[in-house]
DNA sequence: GTCCGTCTTTGAAACGTTTTCACCGTAGAT
DNA sequence: ATCTACGGTGAAAACGTTTCAAAGACGGAC
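Here is the structure:
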């Protein structure tokens, strides 16, 4: 069906090795042969077979990136950062979406391992250290994104989530709010838990401040809307006066939910999210948030991955960026 | 470094062929051997080499999806639709982002072709018919998404953009607006041009209505904001009384730009977007839009692709969904 | 005791590259 | 005229899998 290097060789009247040399080490072959081979390639519409190439080489030129949620702009920005760095190195990034499912996460890890990718970038759903250790033993480096490696066995690129949670909550307290509600995100995810711990720390510093968590809320806009409805359904005196959401998607949903019931943000309830996605600034009430340098995180992660690939013995490195509080109207900014 | 099927065979005391049979045709091999082989696999941490597998098989089990913009939720929803359908068939979807660059689009097409993917789903930037024809000649089916195939040589899944443009604009006229401005998206993209044509048709039906286009505006939130600023900078009597944006991202940007200058939406200027992404409903002023069934489009595209792969001779099929007008506050809904 | 059919296993070939090494011819140096 | 160097080329091996034809083992039927 498809032309192979053998067909090209035949047509150009040279050997297979020479064709390969034209493709990979042009300087080794006589100009005359180069043009004959190129002509043959054009005539036959020859396209290199990556599988054969890779089989021979033992490894591929792609990097796998597994994200928790493609719908979350934080992750797509991060992906673009990684892609950009990869470009510069002649690598390609293949994006896989685990959708916060352990199964899907495992499936994509298997897939990438079978494909012998150059390395794996992963924002893990739960503890994946054991699995990644296997992967690494088989020669594939991995870097965690959006979360530190518990035992520092792997390099990682993340943001100080605890600090982010602290900054967000302290801000809510500083504008006079006292009854804080935290919601969103699978609560058993490390990132989320860290943000919550930061919130607790901030609350502990202020006498009379309380922190409530509203569990059972996932990470999408819809989940946030449901949470907003739930809060609105309470008697006014039982409602919090501020809500801190695990991410901006949830916060945007909460905003919709509250607004639908005539609850004012920020007058009745102040609202802050996390990630500072582009849409946060464009929300009904522009949303305060905690900014993560998503693009930069992606770039950095890819760089670390490549470095580890070049020198597997090097020590793992934990890069932790500082989150930045962004105040907008949803907290009276 | 990594264990091969040969190592497994040796360890289990069987031949290579038997190991392969355990992996692919379990019923052909004696239970006793199966367990010995499985034990060996576990002990050695054997992982199939996909490159070798694919080289032998001649084709891979992945489908490539090239989108114009990963940051646009319309495309990520579409991707999830495709992914979901692929899952059910044991295929994987690899997502590539052309970022509205002809170069990047070409590079990913090359990459997928070299990888001998099972098929390609593409939302093309410009005319790619010639290139896709080549691809198909070499045995890889392709389906267009978000746009019809000009000459109907390829199957496609799209929305009636002309109708969408018409619906949006007619709605603006029905609420009494007469000076319509169209903006956003590379104007040389077919999808955008169709929407504009629809707008023209609607305007032509109403005496005294005018349609202006504001060129040089791309497809991101930032571009929209700049457009909003530009409109705000005009003398009040030169401003349009309604703006139709090529997509919701741009519309959200325009909304920010106008609001920043104290121009009221919809009182001063009504605003409508396209795609109806989740964030549209959550905007400062909830955004009217034209809904595309993104998820369904992705599912359908993947289905068509697989069908064409199974029977390359079948006629191409143009699936065109009807867009749906969604009225919200930004047009006084 | 022979034959036949079934079940299981094996060895070899093939997929399309890249790389290694040996070879050849030519040109320049002696 | 001979030797050396060198640029260019080609043949063959290797990568790890799957498939296929063939052979082996075993039991039952005659």
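Chains as they are written, first to last, in my numbering: chain A, 1 to 333; chain B, 1 to 333.
Yeah, the Cβ is synthetic: ideal placement off N, Cα and C, and Gly gets one too.
Just so you know, these numbers come straight off a predicted model, no measurement behind them.
Reference residue i, options the options, closest by Cα
i	options	result
residue 145/B	300/B, 239/B and 13/B	300/B
residue 166/B	131/B, 160/B and 202/B	202/B
residue 250/A	147/A, 43/A, 289/A and 67/A	289/A
residue 40/B	311/B, 12/B, 57/B and 56/B	12/B
residue 231/A	25/A, 180/A and 273/A	180/A
residue 339/B	90/A, 115/A and 103/A	There is no way to answer for residue 339/B, as the model of chain B reaches only from 1 to 333.
residue 197/B	170/B, 317/B and 24/B	170/B
residue 174/A	77/A, 207/A and 253/A	207/A
residue 98/A	112/A, 49/A, 177/A and 291/A	112/A
residue 293/B	134/B, 159/B, 147/B and 136/B	159/B
residue 258/B	285/B, 247/B, 246/B and 281/B	285/B
residue 123/A	282/A, 296/A, 91/A and 75/A	75/A
residue 106/B	7/B, 65/B and 161/B	65/B
residue 157/B	78/B, 287/B and 26/B	78/B
residue 177/A	148/A, 211/A, 22/A and 147/A	211/A
residue 295/B	82/B, 141/B and 225/B	82/B
residue 140/A	150/A, 312/A and 320/A	312/A
residue 332/B	246/B, 43/B, 242/B and 320/B	242/B
residue 162/B	155/B, 199/B, 128/B and 143/B	199/B
residue 101/B	127/B, 121/B, 80/B and 92/B	127/B
residue 291/A	327/A, 15/A and 149/A	327/A
Short CB-CB distance (under 7 Å) between residue i and chain B
i	result
residue 331/A	no
residue 194/A	no
residue 59/A	no
residue 339/A	In the structure as shown, chain A begins at 1 and stops at 333. Residue 339/A is therefore absent and cannot be evaluated.
residue 51/A	yes
residue 183/A	no
residue 111/A	yes
residue 287/A	no
residue 2/A	yes
residue 153/A	no
residue 256/A	yes
Cβ of residue i within 7 Å of any chain A Cβ
i	result
residue 328/B	no
residue 70/B	yes
residue 221/B	yes
residue 292/B	no
residue 78/B	no
residue 65/B	no
residue 54/B	yes
residue 214/B	no
residue 211/B	no
residue 252/B	yes
Contact residues within the segment 120-150 of chain A, judged by C-beta distance below 8 Å to chain B: The segment 120-150 of chain A vs chain B, Cβ under 8 Å: 134, 137, 138 and 139.
Within 9 Å of chain A by C-beta, residues of the segment 88-104 of chain B in sequence order: 92, 93, 94, 95, 96, 97, 99 and 104
The segment 20-35 of chain A / the segment 80-100 of chain A touching (three or more Cβ pairs under 8 Å): no
Near-chain B residues of the segment 7-36 of chain A - C-beta to any C-beta below 7 Å: Cβ contacts with chain B come from no residue of the segment 7-36 of chain A.
Residues of the segment 263-284 of chain A with Cβ closer than 7 Å to any Cβ of chain B, in chain order: The residues in question are 278, 279, 281, 282, 283 and 284.
Continuous alpha helix (DSSP H) assignments of at least 4 residues falling wholly in the segment 293-327 of chain B: 294-310
Segment contact, 8 Å Cβ cut-off, at least three pairs: the segment 254-267 of chain A with the segment 59-72 of chain A: no
Inter-stretch contact (C-beta, 8 Å, three-pair minimum) for the segment 300-313 of chain A and the segment 273-286 of chain A: no
Where the segment 36-47 of chain A meets chain B: residues whose CB sits under 8 Å from a CB there: 45 and 47
Stretch pair the segment 214-224 of chain A + the segment 185-195 of chain A: three plus CB contacts closer than 8 Å: Contact between the segment 214-224 of chain A and the segment 185-195 of chain A is present, because at least three Cβ pairs lie under 8 Å.
Members of the segment 293-314 of chain B that neighbour chain A once the beta carbon cut-off is set at 8 Å: none
Every unbroken alpha helix (DSSP H) within the segment 220-280 of chain A, with a cutoff of 4 residues, ordered by chain: 221-233 and 248-260
Stretch-stretch touch, CB-based, cutoff 8 Å, three pairs: the segment 132-140 of chain A with the segment 43-56 of chain B: yes
Length at least 3, wholly inside the segment 169-218 of chain B: the beta strand (DSSP E) runs in chain order: 179-183 and 210-214
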